[in-house]
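Using this note's numbering, read the sequence shown as starting at 368 and increasing by one per residue.
Even glycine gets a Cβ: it sits at the ideal position worked out from N, Cα and C.
This report concerns only the one structure given below.
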Amino acid sequence: MILTSNRGIAEWGEVFGDPVVTTALLDRLLHHAVAARAKAR
């Protein structure tokens with residue numbers, strides 16, 4: 368699965384409206400994940 372976003376992971380709680388549910392979701396998604404961050408020039 369590939370997820371992309373123009374927001375940082377720290378901002379996802381604000382985007383989804385419920386920081387507690389977002390934290391649980393991210394915990395499950397990122398448990399065995401490889402996270403890569405790219406910056407545009």
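- Message: Considering only their Cβ atoms, is the gap separating LEU397 from ILE369 smaller than 9 Å?
- Response: Working through the sequence shown from its first residue, we reach residue 369 at position 2. Working through the sequence shown from its first residue, we reach residue 397 at position 30. Against a cut-off of 9 Å, the Cβ pair of LEU397 and ILE369 comes out as no contact.
- Query: Run through DSSP, which three-state label would THR371 get?
  - Reply: Taking the first residue of the sequence shown as 1, we reach residue 371 at position 4. In the structure shown, THR371 sits in coil (DSSP, three-state: anything other than H, G, I, E or B).
- Task: Starting from the C-beta of VAL388, find all residues in its chain whose C-beta is less than 8 Å away, skip the five residues before and the five after it, and write them out in chain order.
- Result: Position 21 of the sequence shown, counted from the first residue, corresponds to residue 388. Taken in chain order, the list of residues that qualify is empty.
- Got a sec? Which residues, its chain only, sit under 8 Å from ARG374 by beta carbon, not counting five neighbours each side? Stepping through the sequence shown from its first residue, residue 374 is reached at position 7. For ARG374, where only same-chain residues beyond five positions count, the Cβ hits under 8 Å are VAL382.
- Query: Do you know offhand how far THR371's Cα is from PRO386's?
  - Reply: On the sequence shown, position 4 is the one that residue 371 refers to. On the sequence shown, position 19 is the one that residue 386 refers to. Straight-line Cα distance between these residues: approximately 19 Å.
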